[in-house]
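Inspection log for the structure reproduced underneath, given as structure tokens.
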Amino acid sequence: MYSSLVRVQNTFGFFTTVVCVVAALIAATDFLAPRTPSVGVIKPTNVQVVKGRPHYYSPKKEEYAIIKFSLDADLSSLFTWNTKQLFVYVTAEWPSAPGQNATNQAVIWDSIITSPSADHLANLGPIAKKKLIRSAQGKSIDPSRGKLSIRNQRPKYQITHPSGKMAEIEDVVLRVHYNVQPWVGVLTWNQDTDFFKWKAIKKNVSKRFSLPAIKKREEGGARKIDASH
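Under the numbering used here, the very last position in the sequence shown is 485; numbers go up by exactly one each time.
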């Protein structure tokens, strides 16, 4: 009954239990660190609707939107010693046709921000990697991590719709999202309400705007957005 195999199994079971308890305690420390993410500016700077093939593999021409934007955000409080990386993305959202209780949502831009301890996971060149390593020396968390200041950013992804129509859509907004990926624990997304020391993200939605009609080729397809809005 008390063979060597049984003793090995008992030891392994005890070790596994200890590891799980320690991992749970590490994950619980995230709730002790305040999270106060905020967005200073999120606004479109140039909106264009084009008719063509949005992707090289698109089988036919359709309308698609290109939205450039500016963003100022402070997400540095999301970085703790247990943060592996932060995934930030911006979506464009607009209501469906009358009578349909749904909201259309499409990602137009995203970025991964690694913590100093996870810089080796980023696909970086030697010069950029040296700068990141130097910025992390002697610091548990680089205070500049998570602070974004982007001007007239071109989107990574165009917006399309199954109907093939994108022109003259109204009540469009841009929304900033984040996803915290820890070393140990569960993934967490931006929240709508405060929870203990974790505060809901502030001012992460832009003012409403409309997508323009498709302009003739000689007139151009872009429409500037007033930067004061």
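Where a beta carbon is used, it is the ideal one built from N, C-alpha and C, also for glycine.
- Excluding sequence positions up to five before and after Y320, its CB lies within less than 7 angstroms of the CB of V306, P310, Q414, I415, T416 and M422, all in the same chain and listed in chain order.
- By the Cβ-count criterion, I323 is buried, with 16 or more other Cβ atoms from all chains shown falling within 10 Å of its own Cβ.
- Every candidate alpha helix (DSSP H) stretch fails here, since none sits fully inside the stretch 401-454 while reaching 4 residues.
- Bounds of the alpha helix (DSSP H) holding V262 are S260 to A284.
- Sequence-distant Cβ neighbours of S332 in its own chain, meaning closer than 7 angstroms and more than five residues away, are P399, R401, G402 and K403.
- Taken atom to atom, the span from the alpha-carbon of A353 to that of S371 is near 42 angstroms.
- Straight-line measurement puts the Cα of G269 at about 57 angstroms from the Cα of R464.
- The residue from N408, L342, F451 and G441 with its alpha-carbon nearest to that of V275 is G441.
- The beta carbons of V436 and L342 sit about 6 angstroms from each other, so the pair counts as a contact at 8 angstroms.
- In the DSSP assignment, F343 falls within the beta strand (DSSP E) that extends over T339 to P351.
- Counted as a single uninterrupted DSSP element, the beta strand (DSSP E) harbouring I369 occupies residues T359 to T370.
- Here the alpha carbon of I406 sits roughly 25 angstroms from the alpha carbon of W454.
- When beta bridges are read from the DSSP output, P310 appears opposite no residue.
- Shown here for A283: same chain residues with a beta carbon closer than 6 angstroms to its own, the five before and five after excluded, namely V440 and G441 in chain order.
- Apart from the 5 residues on each side of it in sequence, Q447 sits with its Cβ closer than 8 angstroms to the Cβ of W454, A456 and I457 in its chain, given in chain order.
- With contacts defined as CB atoms closer than 8 angstroms, F325 and L430 qualify as a contacting pair.
- Secondary structure at S294: strand, using DSSP grouped into helix, strand and coil.
- When DSSP states are grouped into helix, strand and coil, P468 belongs to the coil group.
- According to DSSP, A329 shares a beta bridge with V295 and L404.
- Rounded to whole angstroms, the gap between the alpha carbons of D427 and T359 is 11 angstroms.
- For N460 and A348, the gap between their C-alpha atoms comes out near 12 angstroms.
- Shown here for G296: same chain residues with a beta carbon closer than 8 angstroms to its own, the five before and five after excluded, namely D328, A329, D330 and K459 in chain order.
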